[in-house]
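Peer 1:
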Amino acid sequence: MKVKSIFLKNYRNYDYAEISFADTFNIIYGNNAQGKTNIIEAIFLCASGRSHRTPKDSELLKYGREFFDIKLEYSRADRDERIHVVYGIENRKKISINDIPLKKIGGLMGHLNAVIFSPEDLLVIKQGPAERRRFVDIALSQLRPSYFFDLQQYAKILMQRNNLLKSISMNQDLAGTLEVWDHHLARTGARIMKARREFIKRLGEAAAVRHEKLTNREEKLKIVYDPSFNIGDTDDAGEIEAAFRQCIRRNREKELQKGTTMAGPQRDDIDIRLNGESTRIYASQGQQRTSVLSMKLAEIDIMKEETGEYPVLLLDDVLSELDDRRKEYLLDSIEGIQTLITSTEKRFFNRDSERCAFFYVENGSIKRE
Ligand SMILES: Nc1ncnc2c1ncn2[C@@H]1O[C@H](COP(=O)(O)OP(=O)(O)OP(=O)(O)O)[C@@H](O)[C@H]1O
Ligand SMILES: [Mg+2]
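Heads up: take any position in the sequence shown, counting from 1, add 2, and you land on our numbering.
#1: Alpha carbon to alpha carbon, how far is K329 from T39?
#2: Would you call the stretch 315-324 and the stretch 291-302 touching, i.e. three or more CB-CB distances under 8 Å?
#3: Taking only three categories from DSSP, how would you classify K105?
#4: When the distance is taken between beta carbons, is L332 closer than 8 Å to F350?
#5: Leaving out the 5 sequence neighbours to the left and right, which residues in its chain are closer than 7 Å to R251 when beta-carbon positions are compared?
#6: In the structure shown, what three-state DSSP assignment does I343 receive?
#7: From F231 to K348, what distance separates their C-alpha atoms?
#8: Quick check: what's the CA-CA separation for I283 versus R136?
#9: Mind the definition here: the stretch 188-208 touches the stretch 161-168 only if three or more C-beta pairs lie below 8 Å; say whether that holds.
#10: Rounding to the nearest angstrom, what Cα-Cα distance links D139 and I170 in this structure?
#11: Can you tell me whether T344 sits near ligand 1, meaning its C-beta is under 7 Å from at least one heavy atom of the ligand?
#12: Drop a sphere of 10 angstroms on the beta-carbon of Q270, count the other beta-carbons inside from all chains shown, and report buried for 16 or more, exposed for fewer.
#13: Classify A19 as helix, strand or coil using the three-state DSSP reduction.
#14: To the nearest angstrom, how far is it from the Cα of D82 to the Cα of I99?
#15: In this structure, how does DSSP classify S355 when only helix, strand and coil are distinguished?
#16: Compute the distance between the beta-carbons of Y362 and M3, then report whether it is under 8 Å.
#17: Hey, is R14 close to ligand 1, as in C-beta under 7 Å from one of its heavy atoms?
#18: Taking 8 Å as the cut-off, decide whether the C-beta atoms of E243 and A208 are in contact.
#19: Would you decide whether R357 is buried or exposed? Buried here means 16 or more other CB atoms lie within 10 Å of its CB.
#20: What separation, rounded to the nearest whole angstrom, lies between the Cα atoms of R219 and Q289?
#21: Going by the DSSP bridge assignment, what does Y362 pair with across the sheet?
#22: Could you tell me if the beta carbon of D318 falls within a distance shorter than 7 Å of some heavy atom in ligand 2?
#23: Can the beta-carbon of R67 be found closer than 8 Å to that of N12?
#24: Where do the ends of the beta strand (DSSP E) carrying I97 lie?
#25: Roughly how many angstroms lie between the CA atoms of V117 and Y149, to the nearest whole one?
#26: So what does DSSP say about V138, is it helix, strand or coil?
#27: Thinking C-beta only, is E323 closer than 8 Å to Q287?
#28: Cutting at 6 Å between CB atoms, please list the residues of its own chain near D25, excluding the five before and the five after it.
#29: DSSP beta-bridge partners for D271?
#30: Is T190 near Y227, with beta carbons less than 8 Å apart?
#31: Quick one, are the C-beta atoms of T344 and I30 less than 8 Å apart?
#32: How about V87: is its Cβ closer than 7 Å to a heavy atom in ligand 1?
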């Protein structure tokens with residue numbers, strides 16, 4: 003998958019821009035606040051239908067303007083396509099592919115695939131389990147639309163069941179209806195847990211290989227699924243469901259007291275360890291960054307396995323905390339994948355200038371050198 007060119011009008015701090023990209027590494031450099039991330043954001047928008055920084059399209063519109071317009075051309079193994087995104091103050095965002103309007107944003111899936119790595123991704127390690135579940139849920143939903151559907155179903159079941167648990171304390175007669183919800187919770191929850199177990203295993207294996215390469219075999223990254231109750235090492239949906247039911251029975255009294263569901267996918271976590279120690283507690287900033295990078299690269303490897311092509315890689319401000327060696331290993335390990343990299347310093351790439359195309363960004367204007 004290669005992005006060939008992008009055209010922007012009234013997007014963020016750009017009046018107008020038109021750029022062609024190289025198939026290899028594209029280094030977008032310039033001082034702070036000049037418009038580097040804005041370029042990456044526009045490409046991600048064409049891939050996913052939304053910005054990675056904000057859910058509000060109005061923020062993407064250049065101050066004082068009435069519409070923005072993005073046109074992107076890309077090629078994949080079997081075809082070339084044009085994606086067109088228009089947004090106006092009066093109208094909602096409209097997206098078309100090869101001039102055919104999409105009815106839903108979801109229609110973008112399976113066209114331009116892009117994986118973005120930005121500073122916010124460090125939260126996967128630094129913050130609590132919710133951020134890690136989010137990482138897995140987004141990656142898995144892209145691969146399996148049925149997983150996304152199960153997640154939505156589960157959220158509804160959980161809410162209903164929690165409401166019921168609270169109501170029972172006031173009205174004991176309702177206790178008889180709880181079992182139906184136990185059943186739905188265990189059935190749908192088990193499907194989610196099975197998908198997570200399989201995906202995290204695959205992600206963990208690919209990330210371990212990536213991490214070895216990024217650190218010249220100095221560090222071992224281990225990623226393991228850490229569900230909220232013990233399911234042994236099974237990935238069988240029936241066995242997971244049985245374990246879930248048992249857990250629900252064990253927790254019955256406590257759940258009635260507290261009025262909430264105490265176990266299930268909503269309490270899952272992923273254990274991320276470097277040389278056996280928790281990355282969140284012990285790893286340095288650079289080690290944390292490298293670990294998330296390995297997870298993102300693993301995501302790319304899985305996408306390649308599933309679709310036959312590497313997605314476009316968007317690296318925003320990733321290199322600032324990596325030393326020269328890690329940076330070199332990173333570039334070597336993504337050779338052949340079209341990559342856009344933002345950086346405040348061109349000189350970081352002096353040694354790699356042969357395999358890079360350079361773009362200088364200043365105050366909402368971008369020029370290829
Ligand atoms: N809707 C908008 N209209 C006009 N300008 C905007 C809009 N949204 C953001 N900007 C401007 O865009 C600039 C930031 O662009 P961007 O985030 O791409 O910077 P950057 O080059 O990546 O900087 P850094 O190196 O700090 O990450 C800021 O000056 C900001 O004020
Ligand atoms: Mg930036």
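Just so you know, even glycine gets a beta-carbon here, dropped at the ideal spot from N, CA and C. Since this is a predicted model, take the numbers as computed values, not measurements.
Peer 2: In terms of the structure at hand:
#1: Spanning the alpha carbons of K329 and T39 requires a straight line of approximately 19 Å.
#2: With the cut-off at 8 Å, the stretch 315-324 and the stretch 291-302 touch.
#3: Here K105 sits in coil by DSSP.
#4: Their beta carbons are not under 8 Å apart, which means F350 does not touch L332 by this criterion.
#5: Counting only Cβ-Cβ distances below 7 Å, and skipping sequence neighbours, we find nothing.
#6: Strand at I343.
#7: Distance from the CA of F231 to the CA of K348, rounded to the nearest whole angstrom, comes to 49 Å.
#8: Each residue's Cα considered, the two are about 20 Å apart.
#9: They do not touch, by the three-pair rule.
#10: So the alpha carbons of these two residues sit roughly 32 Å apart.
#11: For ligand 1, at least one heavy atom lies less than 7 Å from the Cβ of T344.
#12: Per the sequence shown, the amino acid found at residue 270 is Asp instead of Gln. Buried.
#13: It is a strand residue.
#14: D82 and I99: Cα-Cα distance of roughly 11 Å.
#15: For S355, the three-state secondary structure derived from DSSP is helix.
#16: No; because the gap between Cβ atoms is not below 8 Å, this pair is not in contact.
#17: In this structure, R14 has its CB closer than 7 Å to one or more heavy atoms of ligand 1.
#18: It is not a contact, given that the beta carbons lie outside the stated cut-off.
#19: Counting the other CB atoms within 10 Å of its CB gives R357 a total below 16, which places it among the exposed residues.
#20: Approximately 13 Å, taken between the alpha carbons.
#21: According to DSSP, Y362 bridges with Y31, K369.
#22: For D318, the CB falls within less than 7 Å of some heavy atom of ligand 2.
#23: Closer than 8 Å, so yes.
#24: Per DSSP, the unbroken beta strand (DSSP E) holding I97 starts and ends at 96-99.
#25: A straight line joining the alpha-carbon of V117 with that of Y149 spans about 19 Å.
#26: The answer is helix: DSSP assigns V138 an H, G or I state.
#27: Yes, Cβ-Cβ distance for Q287 and E323 is below 8 Å.
#28: Same-chain partners within the cutoff: K4, Q340.
#29: The partner list for D271 (beta bridge, DSSP) reads D228.
#30: Against a cut-off of 8 Å, the Cβ pair of Y227 and T190 comes out as no contact.
#31: Yes.
#32: Outside the cutoff, so no.
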